[in-house]
Amino acid sequence: MKLLVPVKRVVDFNVKIRVKPDGSGVELANVKMSMNPFDEIAVEEAVRLKEQGKVTEVVAVSVGPAQAAETLRTALAMGADRGILVKTDATVEPLAVAKILKKVVEQESPQLVIMGKQAIDDDSNQTGQMLAALLGWPQGTFAFKVSLNAGTIDVTREVDGGLQTVGLKLPAIVTTDLRLNEPRYASLPNIMKAKKKPLDETTPEALGVDVAPRLKVLKTAEPGGRKAGVKVGSVAELVNKLKTEAGVL
Amino acid sequence: MTTLLIAEHDNAHLKDATNKALSAAAALGAPVHVLVAGANAKAAADAAAKLSGVEKVLLADNAAYQHQLAEPLAALIVSLAGPYDAIVAPATTTAKNVLPRVAALLDVMQVSDITKVVSADTFERPIYAGNAIQTVQATDGKKVITVRTASFPAAAEGGSAPVESVAPAADPQVSTFKGEEIAVSDRPELTSAKIIISGGRSLGSAENFAKYIEPIADKLGAAMGASRAAVDAGYAPNDWQVGQTGKVVAPDLYIAVGISGAIQHLAGMKDSKVIVAINKDEEAPIFQVADYGLVGDLFTILPELQEELTKAGR
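Going line by line, the protein sequences match chains A and B.
With the first sequence counted from 1, adding 1347 to any position gets you this note's numbering.
With the second sequence counted from 1, adding 2 to any position gets you this note's numbering.
Below is the structure:
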């Protein structure tokens, strides 16, 4: 069976982002970009399923600018078989991404889509659930553990009170949480090999998807700052201050 | 103009997240109906009916909704969505799972994790782990919104709304509940606790969490939390994680022990009223947001803290 892994190019998680002084957005020029960390976990899980012989082909797909091809190459170097770039310079919201992915799913007919639970730029946590809705497929979100069987998949999910396991009929969508696995680093030979793997290109227009945003961003601002307080010299002083000055004990 | 609030509950009890999301729902300016979808969930519906500002409670009582699975629950919400201008839910793992599914079925772009209602269609929400705040205007006819509960006060009791039964929607029958491991604890829940003590990787083991953090949590009646590093290392369960992708909390007092303060962790706790940091590295970024910092070895400081709290009558 075939597996689809959507990946997003985002500002690297180590970068301290800066808000543009005119409030028009976040400074993205000359900032290090990487694959969304949750998507790395998704690629790793997909590749492991292939290595276990449960999946025959892993197709990575990305929606984004020309440079998103680099993100796809990273997925290919980790072990995906081929890539599809849906090229656009527009800001594409989760709903539109889900619509694009639905078209790709219809073309590729995977039995399983594994993707990150959220992208660390807009922190929306929507696309997987939306894709499942549009396809009428079941969803196993925030996956902690997956177990793929013939025609079904069991997904243990990270929920507020602990863990919950659901059984889903295939085809299905899985979104990854942090503890699903630890993604591998691509080796140099695999990075070289990835350069020769096929990477197709299409566009939202060619797929017939309108990506016009539904949310109007009016302003982007720095969060209200929090000033560093005082250093106390001893535990007794700390408890005293919490009691008398802060009034929280 | 009416708003539908999706209640967070465990069938027997309404969760505090519902009260907080109700404050956000009420701020939209329209009457609020509350949907309680569950199995034998009459008690939760009755609790919702008592909340101040609720006009009506809809109770969908059916085995299909017992475990809040996304597929049947989304189908139910979509079947009820017609007359509502906005569908609102607290940003718990339940609603984060279900609501985008509802939004897509309604062809609406969801506004996730709002921290402020500017007007009925304009909201503030954090992006980049809270390092920027976006003001967005939703242009869709219907609004689908999840609410960051730490940013809103809990609505109080004081109402007596009618509870109306609603019919279940057809279950898509593509998913089944297989089991759960839910920690049972007498402690307050992380997201509603007044005091939280969290530990980082420097605790070194699950045993040390029990030995050093737990007695202080007991003394303070506090919830226990952890950094991602501590959870990844297996020192604390995943549902303790505070941060960008874990739980976002805003207690009166947050005590961070051996947590350096990565931006992803700060995103989950920097709206706490008072922050205390205990860390041996005086350059740790956690001190930049802490009201009170104490530099030193946590294995010496925590037993002392326990003693001082006893002296202080806790």
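Here a beta-carbon is modelled for each residue, glycine too, at the ideal position from N, C-alpha and C.
query, result
"Compare the Cα-Cα distances from residue 1501/A to each of 1508/A, 1510/A, 1515/A and 1511/A and report the closest residue.", "1515/A"
"Can you have a look at residue 184/B and say buried or exposed, based on whether 16 or more other CB atoms are within 10 angstroms of its CB?", "exposed"
"In the structure shown, what three-state DSSP assignment does residue 1509/A receive?", "strand"
"Answer yes if the region 1511-1531 of chain A comes into contact with the region 1387-1407 of chain A, meaning at least three C-beta pairs across the two stretches below 8 Å, and no otherwise.", "yes"
"So which residues of chain B does residue 1485/A contact, with C-beta pairs closer than 7 Å?", "73, 176 and 177"
"Is the distance from the Cβ of residue 182/B to the Cβ of residue 1493/A below 9 Å?", "no"
"Output yes or no for whether 9 Å exceeds the beta carbon distance between residue 218/B and residue 224/B.", "yes"
"In chain order, what residues of the region 281-297 of chain B put their CB closer than 9 Å to some CB of chain A?", "284, 289, 290, 291, 292, 293, 294, 295, 296 and 297"
"Helix, strand or coil, according to DSSP, for residue 1489/A in the structure here?", "strand"
"State the start and end residues of the unbroken beta strand (DSSP E) segment that holds residue 69/B.", "Premise fails: residue 69/B is in no beta strand (DSSP E) and is neither H nor E."
"Give, in chain order, every unbroken run of the beta strand (DSSP E) that is at least 3 residues long and sits entirely within the region 1407-1434 of chain A.", "1429-1434"
"Let me see if you follow: with CB-CB separation under 9 Å, is residue 1504/A close to chain B or not?", "yes"
"What three-state label does DSSP hand residue 15/B in the structure shown?", "coil"
"If contacts are defined as beta-carbon pairs under 8 Å, then residue 230/B and residue 206/B qualify, I think. What distance do you get, rounded to the angstrom?", "That belief does not hold up - the Cβ atoms of residue 230/B and residue 206/B are roughly 16 Å apart, past 8 Å."
"If you draw a straight line from the alpha carbon of residue 1491/A to that of residue 74/B, how long is it in whole angstroms?", "22 Å"
"If you measure between the beta carbons of residue 227/B and residue 246/B, is that distance less than 9 Å?", "no"
"Would you say residue 1527/A and residue 1348/A are within 9 Å of each other, going by their C-beta atoms?", "no"
"Does any residue of chain A have a CB that is nearer than 9 Å to the CB of residue 104/B?", "yes"
"Quick check: what's the CA-CA separation for residue 1356/A versus residue 1411/A?", "7 Å"
"Cβ of residue 68/B less than 9 Å from any chain A Cβ?", "no"
"According to DSSP, what are the bridge partners of residue 1504/A?", "1490/A and 1511/A"
"I think residue 1432/A touches residue 1477/A, with their Cβ atoms under 8 Å apart; what is that distance to the nearest whole Å?", "About 21 Å; that fails the 8 Å criterion."
"Over the uninterrupted alpha helix (DSSP H) stretch that includes residue 1462/A, give me the two end residues.", "That residue, residue 1462/A, is in no alpha helix (DSSP H); its beta strand (DSSP E) goes 1459-1463."
"What is the DSSP secondary structure of residue 179/B, counted as helix, strand or coil?", "strand"
"Tell me the residue span of the alpha helix (DSSP H) that contains residue 100/B.", "95-107"
"Out of 78/B, 3/B and 20/B, which has the shortest C-alpha to C-alpha gap to residue 10/B?", "20/B"
"Is residue 130/B close to chain A? Criterion is C-beta to C-beta, closer than 9 Å.", "yes"
"Below 9 Å between beta carbons: does that hold for residue 1468/A and residue 129/B?", "yes"
"Just list the residues that DSSP pairs residue 281/B with in beta bridges.", "297/B"
"The region 1466-1490 of chain A: which residues have C-beta closer than 9 Å to a C-beta of chain B, in chain order?", "1467, 1468, 1469, 1470, 1471, 1472, 1473, 1474, 1475, 1476, 1477, 1478, 1479, 1480, 1481, 1483, 1484, 1485, 1486, 1487, 1488 and 1489"
"Taking 9 Å as the threshold (C-beta atoms), are residue 300/B and residue 280/B in contact?", "yes"
"Counting only C-beta atoms, is residue 101/B closer than 9 Å to chain A at any point?", "yes"
"For residue 1566/A versus residue 294/B, is the C-beta distance shorter than 9 Å?", "no"
"With contact counted as at least three CB pairs below 8 Å, one residue from each stretch, are the region 199-214 of chain B and the region 258-270 of chain B in contact?", "yes"
"Does chain A have any CB closer than 9 Å to the CB of residue 76/B?", "yes"
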